[in-house]
Amino acid sequence: VSLSRKSVFVTSWRAKGMTYFTTVCDISEKVLVRVKCSRNLSKNYLTFTDSQNLMDRKVDGCGPFFLAATRGCIPMAEYLLEQCDANVDDLGIYQDEKGNEDIGCSALWMVSQNGDINMLKWLIDKGADVNCMASNKFTPLMNACRHGNLPVILILLEHGASVDMVDLMGRTALILAVQRSDITQELLRAKAPIDAMDKKDMAAIHHAVLKNHPSTVRLLLQYGANPKLKTKSGMNVLTIACVKGCFYLFNCLLEWVNWTPKERRDALLFEGAVLFNEYHEYSKAMSAWRMAASIACTAEDAARAPNPIASPFSQQREIRTLADIEQLEGNTEKVRIQCIVICERVLGFKARELFHQLIFAGVNFADSQDYPNCVKVWNFAMSLIVYGKGRHDDTIYLGKAMVKLLLQILDSKSAQKREVPFEALLHTLDLFIACLSSLLSEKDSSEPPDFLMELILCILHFIVLSQPSGVEHEALKVSLNKLIQMSPKTLLGYNILMVAIKRDDVFLEQFYDAEREKLKIHCNPNIIRAILTAGFQVNDATANGTTALYLASCPENYDEAVLDLLLDFGAHVDQMSSSGKSALLNMEKIKRHDLMKYVSLKCCAARAVKRYNVPYTEQDMPKELIDVIENH
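In the UniProt record's numbering, the protein residues as written are 1 to 632.
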């Protein structure tokens with residue numbers, strides 16, 4: 001029998017039910033340990049004379065005892081324990097299922113995962129700690145619960161395994177076991193804390209609903225679990241069941257639990273909102289709302305909590321009676337708005353699920369070509385990310401959706417009333433600039449700002465295409481001035497003007513070729529003019545002295561209109577980088593520009609001062625001239 005673990009081989013020779021030799025070798029076939037076993041269990045160690053040297057030998061972070069025990073070689077493990085003073089709780093290295101993490105764990109922890117009952121009992125008999133935590137804070141009991149190994153769980157519980165310990169996420173063994181009702185029952189019999197919550201304030205009953213296990217939910221309720229506990233984001237078991245599409249379990253919970261009229265009514269309203277918003281089940285949604293309307297309701301029950309974020313539909317009144325529902329019949333726009341109003345109140349603004357429901361609502365508006373409402377709803381969703389410190393990937397996801405929507409509007413031949421107003425686009429730009437500011441303020445953030453900077457240029461592209469008026473131009477300058485003051489830089493040190501010039505797509509790689517052709521955000525004179533008009537310093541350089549004009553003069557980025565625009569705004573053609581490169585050298589090769597009119601006497605003097613190391617102090621000349629010298 002040969003068993004392998006990376007570069008380690010464990011081999012046993014068996015005859016007539018007896019193990020005669022067991023050997024552990026590394027990949028070079030150098031023997032780590034060889035044990036000879038006879039009927040009376042006399043053993044001879046053949047390779048090493050010093051047992052301590054043997055126990056100190058590691059292969060891939062694992063010692064001989066760990067290897068022998070995890071491979072089920074009881075004779076070898078017993079020899080190492082008795083003759084070589086091995087530690088029964090000696091730690092080895094195990095790589096998790098995804099291959100992302102090396103976990104330091106004991107042999108008992110590993111055996112609880114692979115289900116070797118004989119080795120498990122032997123290790124416990126030899127004094128192994130049944131509560132020994134791995135480096136990921138999982139105990140053997142948690143490990144067995146996660147893998148659904150009931151025989152191992154019963155043995156561990158019998159020998160005193162703790163049901164109260166928690167892992168790094170605050171999860172107990174009961175929370176990890178909810179996918180199996182039989183395991184859950186054994187843990188409940190062992191007095192596992194039934195309402196213990198993890199770091200997201202989710203108890204076992206929340207996790208059971210999340211994984212859609214009605215039998216486990218029913219069992220937890222029978223043992224006294226509190227179904228009215230709320231998670232950190234304010235969701236209860238009913239709202240979790242709805243957002244996960246577990247409508248059978250939702251109806252069971254309505255029947256099994258004694259809810260108050262307000263709780264029952266809110267749950268039915270939310271069910272209807274999800275059914276229409278996410279699953280397009282109009283008749284089922286109306287049926288749920290009618291059931292909710294039949295429950296007595298006061299004005300206080302339908303009142304919304306104070307909201308720090310301006311909702312686009314804050315003036316809309318939520319449905320309360322059957323008459324209100326009848327007024328919605330046939331008007332899908334009003335139904336969509338009601339879905340948003342209900343989700344706002346029931347979920348609250350801290351729930352991440354509200355973001356998802358707003359995304360679905362925006363898609364529904366876009367499908368019916370109601371683009372202004374779609375942009376309005378998605379701007380509201382972006383506000384939740386900005387002011388609720390949401391996730392960066394949510395920003396990119398919504399940004400990509402917003403750009404695709406604006407491309408769809410650009411392609412459509414719809415009526416003027418369907419176009420997105422300038423104010424909505426400017427609000428979108430402000431929100432993405434705020435997201436970029438939030439990202440830059442996070443000291444421990446590993447996310448580069450490159451995606452967001454290109455995304456901002458995409459939104460700016462659509463604003464420029466809308467041909468803003470004079471007043472609108474001033475409003476745009478105010479927004480862009482906030483971006484300029486932030487001075488964001490990509491991983492390569494490029495500023496927003498350089499990103500607009502360099503033909504190097506980062507965000508746009510996620511789009512089809514036909515879509516990228518319409519998103520002309522690189523070397524677009526209109527975008528560059530908008531940035532420069534807002535007050536951007538055209539001669540700002542990277543750490544190695546590269547300027548926007550130098551990038552624009554490179555063959556891969558060359559555009560004559562862009563070069564002329566940068567020169568008109570005062571770009572210095574002779575500004576040198578640390579490697580001695582300048583736009584002047586590139587433009588001399590092109591020979592399409594009269595460069596003399598762009599080279600001033602001031603620039604020539606500055607280059608002479610630098611070339612001949614002419615000494616000067618801050619008292620000798622104004623700061624403006626010192627800056628010119630340093631830039632050359």
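We treat Cβ as the ideally placed atom computed from N, Cα and C, and that holds for glycine. Only a predicted model underlies this, so the values are computations on that prediction, with no experimental measurement involved.
Distance between residue j and residue i (C-alpha atoms, nearest Å)
i	j	result
alanine 561	asparagine 544	26 Å
leucine 328	lysine 334	6 Å
cysteine 145	serine 181	11 Å
leucine 46	alanine 190	The predicted model places leucine 46 with a pLDDT of 38, which falls under 50 and marks its position as unreliable; any figure quoted below should be read in that light. Cα-Cα distance, rounded: 47 Å.
leucine 123	leucine 108	7 Å
proline 488	proline 449	7 Å
leucine 154	proline 261	42 Å
leucine 249	leucine 219	13 Å
lysine 284	arginine 336	14 Å
leucine 174	alanine 192	7 Å
isoleucine 27	leucine 67	Residue confidence for isoleucine 27 is low, a pLDDT of 36 falling below 50, so the modelled location carries little weight; the figure read from the coordinates is stated next. If you take the alpha carbons of isoleucine 27 and leucine 67, they lie about 14 Å apart.
arginine 503	aspartate 394	26 Å
isoleucine 117	leucine 150	11 Å
methionine 110	lysine 228	37 Å
tryptophan 289	aspartate 102	51 Å
alanine 77	histidine 213	41 Å
leucine 226	isoleucine 205	Checking the sequence, you will find asparagine at residue 226 rather than leucine. Their backbone Cα atoms lie some 8 Å apart in a straight line.
aspartate 564	histidine 473	22 Å
methionine 576	valine 363	50 Å
alanine 86	serine 106	12 Å
serine 368	asparagine 277	13 Å
valine 538	aspartate 411	34 Å
phenylalanine 247	glycine 272	11 Å
Buried or exposed (CB count within 10 angstroms, at least 16 for buried), residue i
i	result
tyrosine 371	buried
tyrosine 550	buried
valine 178	buried
asparagine 373	buried
methionine 621	exposed
leucine 532	buried
valine 614	exposed
valine 478	exposed
isoleucine 409	buried
threonine 321	exposed
isoleucine 459	buried
asparagine 258	exposed
tyrosine 616	exposed
proline 555	exposed
histidine 207	buried
Residue closest to residue i, alpha-carbon to alpha-carbon, out of the options
i	options	result
alanine 323	Asn131, Arg317, Phe349 and Ala293	Ala293
lysine 199	His206, Gly170 and Tyr494	Gly170
glycine 470	Phe422, Phe462 and Met486	Phe422
glutamine 316	Arg352, Leu354, Lys58 and Cys343	Cys343
proline 140	Asp89, Asp102, Ser438 and Arg189	Asp89
methionine 587	Ile74, Ser112 and Leu567	Leu567
isoleucine 501	Thr547, Phe247, Leu585 and Ser578	Thr547
residue 640	Lys126, Arg290, Ile103 and Ala475	Residue coverage of the chain in this structure runs from 1 to 632, which leaves residue 640 outside it and unanswerable.
glycine 535	His522, Met486 and Phe511	Met486
isoleucine 183	Leu210, His147, Met165 and His206	His147
arginine 71	Arg57, Gly92 and Leu269	Gly92
histidine 280	Ile295, Glu326 and Thr332	Thr332
valine 243	Phe355, Ala552, Ser215 and Cys297	Phe355
isoleucine 295	Ile319, Gln83 and Phe569	Ile319
glutamate 263	Gly272, Ala241, Gly245 and Asn236	Asn236
lysine 518	Val59, Ala241, Gln619 and Leu465	Leu465
Chain-order list of residues whose beta-carbon lies under 6 Å from that of residue i (same chain, five-residue window excluded)
i	result
alanine 267	Leu238
phenylalanine 138	Asp167
glycine 348	Gly234
histidine 522	Arg503
Same chain, Cβ closer than 7 Å to residue i, neighbours up to 5 away in sequence not counted
i	result
glycine 224	Ile194
isoleucine 396	Phe451
glutamine 222	none
phenylalanine 462	Leu406 and Leu425
Own chain partners of residue i with C-beta closer than 8 Å, once the 5 adjacent residues on each side are dropped
i	result
isoleucine 456	Leu429, Phe432, Ile433, Leu436, Leu483 and Ile496
leucine 398	Ile359, Trp378, Ala381, Met382 and Ile385
lysine 376	Pro312 and Ala424
Test: residue i CB closer than 8 Å to a CB of chain C
i	result
lysine 121	The displayed structure is made up of one protein chain only, and chain C is not part of it.
Rounded Cβ spacing between residue i and residue j (contact assumed at less than 8 Å)
i	j	result
leucine 492	alanine 530	Wrong, their Cβ atoms sit about 23 Å apart, outside the cutoff.
phenylalanine 313	valine 341	6 Å
arginine 352	serine 233	6 Å
alanine 196	threonine 172	5 Å
leucine 508	glutamate 419	The Cβ separation is near 23 Å, so there is no contact.
Contact test: residue i Cβ vs the ligand NAP heavy atom, cutoff 7 Å
i	result
alanine 475	Summarising the ligand content, the structure contains no ligands, and the ligand NAP is consequently not present.
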